[in-house]
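Numbering that gives the first Met the number 0 numbers the first residue of the sequence shown as 0 and each following residue consecutively.
No residue lacks a Cβ here, since even glycine has one placed at the ideal position from N, Cα and C.
As the structure is a prediction and not an experimental result, all values here were calculated from the model.
Heads up: the structure comes next, in structure tokens.
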Amino acid sequence: MALKTLPLLFGGDYNPEQWPEATWEGDLIKLRQAHINSLTLNVFSWALLQPNEATYDFSLLDKIMALAAKYQMKVVLATATGAIPAWVIEKYPDVARTDIDGRHARQGMRHNACPSSPNFQSLAQDLVSRLAARYHDHPALVCWHISNEYGGQCYCDNCASAFRTWLRGHYPDLAAVNAAWNSNFWGHTFHDWSEILPPMHLTDMIDAGSDKPVLAGAALDYRRFQSDALLANFKLEKAAIRAVDATTPITTNLMSTQKDLDYFQWAKEMDIVSWDNYPSFDTPASETAMKHDLMAGLRQAPFMLMEQTPSQQNWQPYCALKKPGEMRMLSYQAVAHGANTVQFFQMKQSQNGIEKFHGAVISHAEATGTHETRVFREVQALGAELASLPADLLASRNRAKVAVLFDWPSFWGVEYATGPSRQMDYVKQVHLYYQMCYDAGLDVAMIGKETPFDGFAAVIAPVMYTTSEALSAKIASYVQGGGTFVTTYMSGIVDDHDNVYLGGYPGSLQEVLGLWNEEFDALPPETTVNVALGADQSCSASFLCDVTHPTTAKVLATYDDAQLFYTGAPAICQNDLGRGHALYVGTQLDAAGLRFLLTKIAAAAGLDLTAAEPFAGVEVTHRYSRQATYTFAINTTAKACAVANPAPTGLDLLSGATQPATLNLPAFGVVILKTPRA
Ligand code: GLA
Ligand code: ZN
């Protein structure tokens with residue numbers, strides 16, 4: 000049976016259980032005035048739904064659901080398993096997690112159930128089965144929201160034993176585990192499955208403030224296992240819902256580039272991706288764009304913006320207010336990159352508890368009805384605008400010629416490695432190359448190793464540390480067939496078990512890249528070296544320098560710095576192979592160097608860099624439907640600016656008018672130009 004499609008949801012987390020019942024109706028009337036059409040309910044209500052093991056009480060939720068329906072609110076119904084009732088932990092201590100220091104938790108907090116606890120699994124399954132049975136045909140229900148922001152790790156004995164079971168399912172025998180992990184290193188050889196323990200501070204994780212495992216292969220497998228174990232919890236709840244409800248979409252809210260979960264694996268199990276966007280006051284627009292594109296890239300499909308704050312985030316170091324227009328701008332930025340909902344945390348600001356200073360649609364000042372606030376008015380204005388957008392926009396998709404590859408095993412592996420540089424930050428590295436494209440005005444797709452490469456003119460894989468032979472073969476055939484593949488330092492270094500490829504880096508990518516690397520040099524912080532770009536330009540480089548020997552590749556740039564004993568060695572190479580090209584970047588280039596690199600990529604991949612305006616604060620992004628192209632021009636800055644109109648024949652959906660050849664965008668200004676397709 001086909002899943003129900005979601006309308007444009009405008010709403011978010013509402014926690015009426017924190018408020019006297021007498022205030023609920025007033026809240027909903029107020030929220031309707033702001034054009035809120037959706038509520039995310041029941042996220043943390045387990046303790047109310049089940050006061051003890053024998054008792055379930057849905058009476059409060061029944062009332063809330065009925066009220067939501069009365070006010071035509073579409074409900075995103077959470078399964079409530081993100082926070083565990085105190086009695087559960089008191090009765091079943093194994094439901095609580097053990098941390099990396101071996102401390103077993105008591106009750107409290109949230110997002111902290113041990114994924115391997117049989118008691119948690121059965122209690123959660125029971126609760127969710129009842130919720131699903133009770134509400135699956137409720138008229139207000141549009142989407143299921145399983146748990147909340149899955150993440151973190153557990154190191155308890157149940158996890159240790161589940162890890163061994165996981166290993167037995169992934170390796171033929173213990174000898175294969177020893178071989179994969181090279182466990183003769185420091186005498187780690189395992190003679191019995193029971194000897195394998197989670198890598199933690201009490202066991203094999205060196206805690207120098209950085210958590211570096213002795214056996215990286217084991218630590219990588221532990222991460223895979225924990226991601227899979229939490230995913231199994233998600234699947235358990237999903238199955239409980241699907242037993243009675245075949246058609247309501249099921250999601251859980253993700254957190255973009257968080258480290259713990261391999262979202263490419265998770266997305267396969269989700270009907271629709273949703274995520275929580277909390278940029279800090281100093282997050283570059285390109286980073287937020289990248290995160291949206293990553294969330295879109297998980298399923299190559301539109302997603303839900305499940306949470307953002309209407310104004311401040313209290314858990315960041317400074318509760319900077321979103322300036323007038325900024326929340327609207329960030330909402331449209333999400334839509335531009337594929338969001339089909341705009342949702343907030345939260346509808347009503349808590350009066351107490353850790354989130355009392357977090358932004359909300361109904362703030363403390365607004366709560367009694369005596370004052371109306373700027374934030375409320377901005378939400379209201381946005382709600383009216385969103386309601387006027389054409390349905391066709393939701394049917395449209397992002398499309399990009401350039402893809403940037405993101406890979407959780409590489410993220411884990413390269414940050415687990417002791418060396419070559421303490422400055423290694425995987426997300427920052429990926430962002431550098433995303434930003435290189437973004438700054439040139441290109442639409443970018445974020446993809447994973449399993450995503451088909453064929454549709455992209457260029458695939459850029461920064462710091463693709465973990466690279467299997469099968470992936471190298473996929474890359475080679477992509478290049479042979481006409482693709483342009485780009486990779487960097489610290490790519491193709493190890494196999495899936497963190498074993499370094501012998502015979503020169505980057506292992507099985509040597510042939511497609513037409514080069515081999517002898518060693519890599521880490522530059523201390525603040526150190527830069529000079530790089531000659533072709534004959535007449537230069538730039539500076541930092542972080543890491545590969546000592547590269549080209550075999551069939553031609554050299555596009557060289558180190559040109561007397562302080563380096565390898566000065567004159569290649570810094571950028573290009574190998575022409577079959578109908579395509581493979582480029583290799585051996586060092587971290589500055590902005591001028593990246594610009595040079597991009598011109599080389601563009602030339603190889605046939606990209607027209609003159610077609611788009613370079614980023615000068617205004618982001619230009621496209622969504623395409625059968626009928627139209629939607630061009631978003633978004634001033635991401637607090638300063639008014641003028642740019643060439645990227646779609647001069649288009650009609651601006653927000654103002655209803657065509658726009659002049661030069662777009663004058665106010666601070667955080669947005670236009671969405673709809674151009675019918677020929
Ligand atoms: C997360 C959670 C919410 C809330 C917000 C606050 O996204 O999912 O429950 O705590 O953070 O920013
Ligand atoms: Zn555990």
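List the residues that DSSP assigns as beta-bridge partners of residue i.
i: LYS553; result: GLN573
i: CYS153; result: CYS153 pairs with nothing; no bridge assigned.
i: GLU518; result: VAL546
i: PHE343; result: GLY11
i: ASP651; result: LEU672
i: GLN536; result: LEU532
i: CYS640; result: LEU664
Residue j and residue i - do their beta-carbons sit closer together than 8 angstroms?
i: ASN516; j: ASP545; result: yes
i: ALA457; j: THR487; result: no
i: SER490; j: VAL462; result: yes
i: SER409; j: THR450; result: no
i: LEU293; j: PHE455; result: no
i: VAL127; j: CYS113; result: no
i: LEU38; j: ALA85; result: no
i: GLN124; j: GLN225; result: no
i: LYS726; j: CYS572; result: Examination of residue 726 is not possible in this model, given that the chain is present from 0 through 677 alone.
i: HIS679; j: ALA383; result: No answer is possible for residue 679: the residues shown for the chain start at 0 and end at 677.
i: ALA319; j: PHE280; result: yes
i: VAL478; j: HIS580; result: yes
i: THR308; j: VAL272; result: no
i: THR547; j: PRO569; result: yes
i: ALA79; j: PHE119; result: no
i: HIS291; j: GLY337; result: yes
i: ILE633; j: ALA380; result: no
Below 8 angstroms CB to CB, which residues in the same chain sit around residue i once its five sequence neighbours on both sides are set aside?
i: ALA611; result: ALA439, GLY440, LEU441, VAL619 and PRO645
i: ASP203; result: HIS187, LEU196, PRO212, VAL213, LEU214, ALA217 and ALA218
i: ALA245; result: MET0
i: LEU2; result: THR246, THR247, PRO248 and ASP270
i: LYS234; result: GLU268
i: THR635; result: ALA284, MET328, GLN332, GLY616, VAL617, GLU618 and PHE667
i: ALA295; result: VAL272, PRO301, PHE302, HIS336, GLY337, ASN397, ALA444 and MET445
So, for residue i: in the same chain, excluding its five sequence neighbours on each side, which residues have a beta-carbon less than 7 angstroms away from its beta-carbon?
i: PRO197; result: TYR154, CYS158, ALA159, PHE162 and TYR221
i: ASN529; result: SER537, SER539, ASP559 and ASP560
i: GLY592; result: VAL530, LEU532, CYS538 and ALA540
i: ALA386; result: HIS34
i: THR566; result: TYR558, ASP559 and ASP560
i: THR417; result: LYS211
i: GLN428; result: PRO461 and VAL462
i: TRP180; result: LEU214, GLY216, ALA217 and HIS496
What number of angstroms, rounded off, separates the C-alpha of residue i from the C-alpha of residue j?
i: LEU588; j: GLN658; result: 38 angstroms
i: LEU650; j: ARG327; result: 20 angstroms
i: TYR134; j: LEU140; result: 7 angstroms
i: ILE459; j: GLU306; result: 29 angstroms
i: GLY358; j: LEU48; result: 27 angstroms
i: HIS363; j: TRP18; result: 13 angstroms
i: SER58; j: VAL75; result: 18 angstroms
i: ALA521; j: LEU543; result: 5 angstroms
i: GLN312; j: PHE189; result: 47 angstroms
i: ALA46; j: LYS258; result: 29 angstroms
i: VAL403; j: THR256; result: 14 angstroms
i: GLN299; j: ILE240; result: 25 angstroms
i: LEU7; j: LEU304; result: 11 angstroms
i: THR164; j: SER121; result: 19 angstroms
i: ALA333; j: ARG398; result: 15 angstroms
i: ASN663; j: ALA643; result: 9 angstroms
i: VAL485; j: GLU24; result: 56 angstroms
i: ASP12; j: MET346; result: 6 angstroms
i: ASN41; j: ASN14; result: 7 angstroms
i: GLU16; j: LEU392; result: 35 angstroms
i: GLY481; j: LEU576; result: 8 angstroms
i: GLU52; j: VAL87; result: 8 angstroms
i: GLY412; j: PHE614; result: 33 angstroms
i: MET435; j: GLU286; result: 11 angstroms
Can you name, in chain order, every residue of its own chain whose Cβ lies under 6 angstroms from the Cβ of residue i, other than the five neighbours on each side?
i: GLY506; result: GLY491 and TYR500
i: GLY447; result: PHE263
i: ASP206; result: HIS200
What do you reckon, is the C-beta of residue i under 7 angstroms from a heavy atom of the ligand NAD?
i: ASP270; result: Inclusion of the ligand NAD in the displayed structure is not the case, the ligand content consisting of the ligand GLA and the ligand ZN alone.
Give every residue whose Cβ lies closer than 7 angstroms to any heavy atom of the ligand ZN, listed in chain order. Around the ligand ZN, the residues selected by a Cβ distance under 7 angstroms to any of its heavy atoms are ARG96, THR97, CYS113, PRO114, SER115, SER116, CYS153, TYR154, CYS155, ASN157 and CYS158, following chain order.
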